[in-house]
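full-length UniProt numbering applies: residue 1 is where the sequence shown begins, and numbers increase by one.
Don't be surprised by glycine CBs; every beta carbon is placed ideally from N, CA and C.
Before any comments, here is the structure.
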Amino acid sequence: MERFTQEAFEQRSFQYGELLVLDDVLSLHAAKSPSPVLFAYPREDRSDGYFETFTAAQLDGYVDAAVQHLIQSGHEPKLGRVVGLIGNANLEWVVNLFALSRLGYTVAMMSLVQKAVGLASLLGSAGADAIIYDAEPGTSKLVAGITALQPRTATTIPFVPRAVFSQPVTARAPRFFSRQEQTDTTALLFSTSGSTGLPRPIPYRHAHISLSTFTCATEARSTLLSWPLSHGWGLSILLGTLYLGATCHLMDTRSALTADSFIEALEAARPGFLPSVPHNVALIAHDPRGLACLRAAAYVTTGGARLPDELGTYLHEQGVNISSSMGSSEATRNFATSMYRPPGDPAWDYLEFPPILRRHILLDPVPANPPLHEVVLLPDFPGLSAMAVNADDGSRRTGDIMQPHDTKPDAWKFMCRDGDFIALSTAGKVLGAPLEDRLQASPLVAAAVVVGVGRTVPGLLVIPAGEGEEAEEGFLEAVWKLVEEVNAVVPGSWEVGRDKIGVLPRTTRLPRTDKGNIMRQRVYTEFAREIDALYA
């Protein structure tokens with residue numbers, strides 16, 4: 001992990017330029033000749049190729065034109081004005097983000113998968129007075145719901161469209177604030193996922209972006225992003241890739257990702273770096289073309305949720321340089337990864353903490369659950385905001401539960417979130433991840449979730465995969481064999497009995513965050529009847 005030292009950080013700043021504000025990742029390249037290709041997005045008409053590419057000079061001009069259009073529309077430069085940004089991540093999304101930042105605004109990132117009530121609460125907490133949004137009908141409807149609930153954000157601003165910002169401009173927009181003036185202001189507001197309540201704003205200062213991108217992207221490699229840009233890791237990877245002068249290829253997220261569409265994009269982009277949620281990697285892992293794409297990338301890393309052990313081990317054995325990374329919005333950065341372990345090291349799932357951050361992190365033993373530890377961000381953790389603190393000593397207890405490697409020093413495997421434990425009425429706690437991972441690695445199973453909060457024993461809800469109409473009893477028998485495998489290796493209190501397995505219809509969809517994590521509290525509420533039936 002020598003690449004994550006303070007010396008390496010300073011060397012990167014010397015090589016690529018000092019990153020003081022968000023806009024630097026673009027403006028530092030704008031005058032270069034030839035202008036580097038920084039961004040690529042799928043074409044509507046792919047007869048001329050899958051991706052349309054854009055240079056730093058083009059993007060810089062687009063942002064200038066968008067700034068001028070916004071000013072002409074009555075939106076003057078103002079340091080600290082909070083504006084919500086919502087829409088499908090594409091060229092227009094990126095250009096409008098940079099335009100808002102050049103105007104001095106704090107941009108509140110909003111996810112299209114969240115409900116209007118949660119987004120209204122987020123903007124209210126952030127003090128936003130406007131929302132800028134794309135032209136998709138679904139977005140307009142969501143924005144109308146938000147403004148009805150949060151009148152303060154009644155000012156709605158349509159995205160500056162490509163038809164406007166791609167027109168040649170005769171005069172460049174001035175920089176309204178010096179970099180030194182802007183660096184200590186809040187650049188972005190991300191949010192908690194809302195999986196355990198209403199989303200809360202998490203501020204990122206311009207000054208923090210340099211370290212955030214450093215721990216996400218350390219090599220100038222082309223990247224393919226299928227990760228949501230409204231999330232901190234996704235945007236940090238985009239910004240880090242641009243800063244290093246490499247090309248960030250962005251997926252079209254307007255429709256659900258399929259194996260075919262993912263493979264097509266990978267074959268066109270040929271990325272050196274592929275960050276992804278585990279679900280997307282799983283889509284293509286057993287397809288020969290998909291596996292070839294994964295092998296071709298120098299680094300494939302997953303985050304946001306656990307990559308099942310069986311799948312990760314399979315990919316490693318198939319020659320994929322698979323790894324796992326983790327961070328949190330509250331931490332304002334990625335803070336652990338297994339990406340840079342020595343060649344051939346099979347411990348793809350054991351993460352290490354960058355030396356530049358390690359002294360600010362505590363691994364705190366979980367009471368009565370050896371050898372589990374919780375990641376705690378200490379009060380001096382870089383970028384930790386007062387809004388993220390949740391302990392009396394000024395630290396942040398992340399709820400991320402880790403287990404140390406048997407022999408590898410200071411290497412840790414992510415096991416679960418603290419909220420993933422199912423608290424039984426016996427005062428015992430059950431970890432559902434081992435069973436859920438094993439079932440979801442099977443082609444028979446679309447999804448599985450362990451339940452049983454407040455009960456004496458755990459239960460299981462499972463959704464069959466595929467389109468067939470296999471008899472429930474036959475499916476249950478196949479699932480039971482998998483459950484028995486897991487029962488044989490977990491603590492006795494974690495074992496699930498055959499009579500505590502409920503099969504849901506194939507068409508059932510479990511509530512998930514935009515990172516693909518199951519929203520357990522909503523499962524308990526929305527499937528209360530099915531859960532009650534297991535214990536009747």
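Span of the beta strand (DSSP E), counted from its first residue to its last, around Tyr-299:
299 to 302
Would you identify the three-state DSSP class for Phe-475, choosing helix, strand or coil?
helix
Evaluate contact between the region 210 to 219 and the region 231 to 250, counting only Cβ atoms and requiring at least three cross-stretch pairs below 8 Å.
yes
If you measure between the beta carbons of residue 599 and Asp-418, is that distance less than 8 Å?
The requested residue 599 is not part of the displayed model; the chain covers only 1 to 536.
Are the region 75 to 91 and the region 282 to 296 in contact at 8 Å, needing three or more beta carbon pairs?
no
Work out the CA separation of Gly-327 and Pro-203 for me, nearest whole Å.
15 Å
Kindly give me the distance between the Cβ atoms of residue 539 and Tyr-350, rounded to whole angstroms, as I take these residues to be in contact under 8 Å.
Because the chain in this structure spans residues 1 to 536, residue 539 falls outside the shown range and cannot be described.
On a Cα-Cα basis, can you pick out the residue from Val-277, Ala-89, Arg-396 and Asp-392 that is closest to Glu-330?
Arg-396
Have a look at the DSSP bridge pairing and note the partners of Asn-334.
Gly-327
Measuring straight from C-alpha to C-alpha, what distance separates Phe-414 and Val-320?
20 Å
Let me know if Asn-390 comes out buried or exposed under the rule of 16 or more other beta-carbons within 10 Å of its beta-carbon.
exposed
May I ask you to report which of helix, strand or coil DSSP gives Cys-416?
strand
Do three or more CB pairs link the region 25 to 34 to the region 46 to 65 at distances below 8 Å?
yes
How many Å lie between Ala-207 and Val-83 at the Cα?
19 Å
Three-state secondary structure assigned by DSSP to Ala-296:
helix
Using the Cα positions of Gln-318 and Arg-295, report the straight-line distance between them to the nearest angstrom.
8 Å
Could you tell me whether the Cβ atoms of Gly-123 and Thr-153 are closer together than 8 Å?
Sequence check: residue 123 is Leu here, not Gly. Yes, Cβ-Cβ distance for Leu-123 and Thr-153 is below 8 Å.
Once DSSP output is grouped into helix, strand and coil, what is the label at Phe-353?
coil
Note down the Cα distance separating Leu-242 from Val-445, rounded to an integer number of angstroms.
39 Å
Between Ser-222 and Thr-185, is the Cβ-Cβ spacing less than 8 Å?
no
Which first and last residues belong to the alpha helix (DSSP H) in which Ala-259 is found?
259 to 269
For Gly-118, name the three-state secondary structure that DSSP assigns.
helix
According to the neighbour-count rule (16 or more other Cβ atoms, all chains shown, within 10 Å of its Cβ), is Ser-178 buried or exposed?
exposed
Taking C-alpha atoms, which residue in Asp-134, Arg-205, Ala-148 and Glu-181 lies nearest to Thr-106?
Arg-205
For the alpha helix (DSSP H) containing Gln-58, list its first residue and its last residue.
56 to 72
Please state whether the Cβ-Cβ distance between Pro-458 and Val-449 is less than 8 Å.
no
Between the Cα of Thr-507 and the Cα atoms of Pro-491, Val-523, Ala-447 and Ile-501, which residue gives the shortest distance?
Ala-447
Endpoints, alpha helix (DSSP H) assigned at Ser-236
232 to 243
Taking the alpha-carbon positions, what's the Ala-427 to Asp-420 distance?
15 Å
Is the beta carbon of Ser-325 closer than 8 Å to that of Gly-344?
no
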